[in-house]
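Residue numbers (full-length UniProt numbering): 1 to 145.
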């Protein structure tokens with residue numbers, strides 16, 4: 001009974017604040033405050049507050065919440081371990097088989113680097129940096145600096 005009275009008072013106070021806010025021509029904010037203020041009243045009217053009051057003093061309900069918490073911890077732990085290992089057992093088995101095929105491939109003994117020619121040209125990074133500076137130089141010359 002006390003919880004219902006408190007929820008009703010909170011709703012009335014919230015609706016009063018919403019009315020004051022609407023009077024100040026802030027209608028969107030007033031509508032949002034009214035929506036929040038109506039939640040406790042709706043909970044009282046549906047009986048959720050009474051159910052919560054009964055549940056709060058029940059040891060069986062608290063044991064149930066403990067079991068749900070344990071279930072959640074186990075679920076999140078197993079998901080984290082699965083992500084760390086890289087998927088399910090089926091995925092790991094398929095990846096291992098693919099690695100074996102790559103290791104025993106007939107072309108695996110061939111050298112990976114061919115006898116290529118060395119070029120005397122500048123590295124790409126240097127030309128890219130020079131291009132950047134040439135753009136800057138062109139802008140500075142355009143402005144007479």
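The beta carbon of each residue, even a glycine, is placed where N, CA and C say it ideally should be.
Remember, predicted model here, so these are calculated numbers, not experimental data.
- DSSP places residue 1 in the coil class of the three-state scheme, outside both helix and strand.
- When DSSP states are grouped into helix, strand and coil, residue 133 belongs to the helix group.
- Taking a contact as a CB-CB distance under 8 Å, the pair residue 41 and residue 11 counts as one, their CB atoms being some 4 Å apart.
- Under the three-state reduction of DSSP, residue 57 is assigned to coil, being neither helix nor strand.
- Distance from the CA atom of residue 76 to the CA atom of residue 70, rounded to whole angstroms, is 10 Å.
- Annotation for residue 21: 29, 30, 33 place their beta carbon closer than 7 Å to its own, counting only its chain and skipping 5 residues before and after.
- Cβ neighbours of residue 4 within its own chain (closer than 8 Å, five residues either side excluded): 44, 49, 50.
- Taking the Cα of residue 36 as reference, the smallest distance to any Cα among 13, 131, 55, 57 is reached at 13.
- In this structure, the alpha-carbon of residue 100 lies about 46 Å from that of residue 131.
- By the CB criterion at 8 Å, residue 55 and residue 61 fall inside the cutoff.
- Residue 68 and residue 92 have their C-alpha atoms roughly 31 Å apart.
- Selection 23, 7, 66, 26 evaluated against residue 39 yields 7 as nearest (Cα-Cα).
- Per DSSP, reduced to three states, the secondary structure at residue 26 is coil, with no helix or strand assignment.
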